[in-house]
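Heads up, the thing below is written out as structure tokens.
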Amino acid sequence: MWNIFKIYTKKTPDAMNDSDLRVVLDSSKLCKMMPYFPIGNSVKYYPEYREEVILNTIIIAYLINNETVYSNADITYSADDNKLILNGKTIDEVNSFAMLIPPETRGETELDYERKERLRKSGGFSKGNSITLVGKEKDGKISTIDTMVKKYARLKDGYYNDTQVVVLNVDPALLVLKDQRTQKRLEAQIPGLIQTKYYTEHTQCTIVDFSEQTIKITCDDNEIVAMSCHKGETITLTFDLPNSPEPNIMRGKVMRTEGASMIIELTNILIAETFEKLAPIDLIEIKAKLLQQPRS
Numbered sequence: 261m262w263n264i265f266k267i268y269t270k271k272t273p274d275a276m277n278d279s280d281l282r283v284v285l286d287s288s289k290l291c292k293m294m295p296y297f298p299i300g301n302s303v304k305y306y307p308e309y310r311e312e313v314i315l316n317t318i319i320i321a322y323l324i325n326n327e328t329v330y331s332n333a334d335i336t337y338s339a340d341d342n343k344l345i346l347n348g349k350t351i352d353e354v355n356s357f358a359m360l361i362p363p364e365t366r367g368e369t370e371l372d373y374e375r376k377e378r379l380r381k382s383g384g385f386s387k388g389n390s391i392t393l394v395g396k397e398k399d400g401k402i403s404t405i406d407t408m409v410k411k412y413a414r415l416k417d418g419y420y421n422d423t424q425v426v427v428l429n430v431d432p433a434l435l436v437l438k439d440q441r442t443q444k445r446l447e448a449q450i451p452g453l454i455q456t457k458y459y460t461e462h463t464q465c466t467i468v469d470f471s472e473q474t475i476k477i478t479c480d481d482n483e484i485v486a487m488s489c490h491k492g493e494t495i496t497l498t499f500d501l502p503n504s505p506e507p508n509i510m511r512g513k514v515m516r517t518e519g520a521s522m523i524i525e526l527t528n529i530l531i532a533e534t535f536e537k538l539a540p541i542d543l544i545e546i547k548a549k550l551l552q553q554p555r556s
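Just so we're on the same page, the numbering used here is the position in the sequence shown counted from 1, plus 260.
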């Protein structure tokens, strides 16, 4: 670990005054937050509270009291989860905590024109901008935290020599955990067809529930289909909804598998022979039509 930043801008009198302010972060909240945003983890984010502009990045390192940490293996926690232990040494007081991410993003090319304009107007990683990170799912909870762009910097040594990064200031008190399913689950018994990486031919499946943007299906007649899928894999679903004049064809990513069942995050819908990004109106339409199922 090294203090290895070369900052592009000179210190102003205001910046020098800021450095005199003593900040103490809540170590117990930091211990709670860090497992949701581990180093090396790919995370989604959106700038300036624009939840419709979702992009992807990766956490390269932490900056703890101006000391750069590249590996989760260097960090442990006290028995009561109230103190950070860095390379065997307990940190009694955390005065600053930041995450380092690359300035390049993934997913911008997938945005439609309107979302690209919103991203441009938001200023992206401009100094002082809010960047909301969406972390790991754990125990049915989705984690988010609002961070602030401190500056751009260039690593001068170590594993990422001469690599430009964005420094995000983090206050662990801003961690938000919410239930993965905040809306009521809608049970269903809708027959459909699934295509996967290894099973490119249509295989029968059944939609058994729907909530927000996630859907659960079962492949009882051929459970090996579900067992062959991996987390993050893209699958294609075809199914008929009540009151729909034609089949619905959608793509999604596997979130997890449970025997012959799969939980899938829906991402795209086929419109006029082109897969478009799912919009809120599409999800509302699915739910409205599922509610028209005959009651058993």
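Ideal Cβ positions, reconstructed from N, Cα and C, are used throughout, including at glycine. Everything numeric in this text was worked out from a predicted model, so none of it was measured.
**Request:** For Leu-551, count neighbouring Cβ atoms within 10 angstroms of its own Cβ and tell me buried if that reaches 16, exposed if not.
**Result:** For the purposes of this step, residue 551 is taken as the residue at position 291 of the sequence shown. It counts as exposed.
**Item:** Endpoints, alpha helix (DSSP H) assigned at Tyr-373
**Value:** Residue 373 sits at position 113 when you count from the first residue of the sequence shown. Segment 373-382, the alpha helix (DSSP H) holding Tyr-373.
**Request:** Express the C-alpha separation of Val-409 and Phe-385 in angstroms, rounding to a whole number.
**Result:** In the sequence shown, residue 385 corresponds to position 125, counting from 1. In the sequence shown, residue 409 corresponds to position 149, counting from 1. When rounded, the distance between both Cα atoms is 6 Å.
**Prompt:** From which residue to which residue does the alpha helix (DSSP H) around Glu-397 run?
**Reply:** Mapped onto the sequence shown, residue 397 falls at position 137. Per DSSP, Glu-397 belongs to no alpha helix (DSSP H); it is in the beta strand (DSSP E), 390-398.
**Bridge-paired residues (DSSP) for Leu-346** = Counting from one through the sequence shown, the residue named residue 346 turns up at place 86. Note: Leu-346 sits in a beta bridge opposite Ile-335 and Lys-349.
**Asked** Heavy atom of the ligand ZN less than 7 Å from the Cβ of Cys-489, yes or no?
**Response** Only the bare structure without any ligand can be found here, which leaves the ligand ZN out of the picture.
**Message:** Applying the 10 Å Cβ sphere with the 16-neighbour rule, what's the burial state of Met-510?
**Reply:** The residue labelled residue 510 in the question sits at position 250 within the sequence shown. Counting Cβ neighbours within 10 Å, Met-510 comes out buried, since at least 16 surround it.
**Asked** Do you know how far the Cα of Arg-378 is from the Cα of Glu-311?
**Response** If you number the sequence shown from 1, residue 311 lands on position 51. If you number the sequence shown from 1, residue 378 lands on position 118. Cα-Cα distance, rounded: 11 Å.
**Whether Cys-318 touches Ile-361 by CB criterion (8 Å)** = For the purposes of this step, residue 318 is taken as the residue at position 58 of the sequence shown. For the purposes of this step, residue 361 is taken as the residue at position 101 of the sequence shown. At residue 318 the sequence reads Ile, which differs from the Cys that was named. Yes.
**Request:** Report the rounded CA-to-CA distance for Tyr-206 versus Ser-288, giving the unit in angstroms.
**Result:** Lying before the first or after the last residue shown, residue 206 is absent from the chain, which here runs from 261 to 556.
**Asked** Can Val-329 and Ile-320 be called in contact, C-beta distance under 8 Å?
**Response** Within the sequence shown, residue 329 is the residue found at index 69, counting from 1. Within the sequence shown, residue 320 is the residue found at index 60, counting from 1. Taking 8 Å as the Cβ cut-off, Val-329 and Ile-320 do not qualify as a contacting pair.
**Request:** State the Cα-Cα distance for the pair Gly-492 and Ala-413, rounded to the nearest angstrom.
**Result:** What you label residue 492 is simply residue 232 of the sequence shown in a count that begins at 1. What you label residue 413 is simply residue 153 of the sequence shown in a count that begins at 1. Cα-Cα distance, rounded: 32 Å.
**Message:** I'd like the span of the beta strand (DSSP E) that includes Ala-358, first residue to last.
**Reply:** Here the question's residue 358 lines up with position 98 in the sequence shown. From DSSP, the beta strand (DSSP E) with Ala-358 extends over 357-361.
**Request:** Note the first and the last residue of the continuous alpha helix (DSSP H) segment covering Glu-545.
**Result:** Locating residue 545 in the sequence shown gives position 285, counting from the first residue. Run containing Glu-545: 540-550, per the alpha helix (DSSP H) assignment.
**Request:** To the nearest angstrom, report how far apart Gln-449 and Thr-494 are at their CA atoms.
**Result:** Walking along the sequence shown from the start, residue 449 turns up at place 189. Walking along the sequence shown from the start, residue 494 turns up at place 234. One C-alpha to the other measures close to 22 Å.
**Message:** Leu-453 and Thr-463 - do their beta-carbons sit closer together than 8 Å?
**Reply:** As a first step, residue 463 must be located in the sequence shown, where it is residue number 203. As a first step, residue 453 must be located in the sequence shown, where it is residue number 193. Cβ distance < 8 Å, so Thr-463 and Leu-453 count as in contact.
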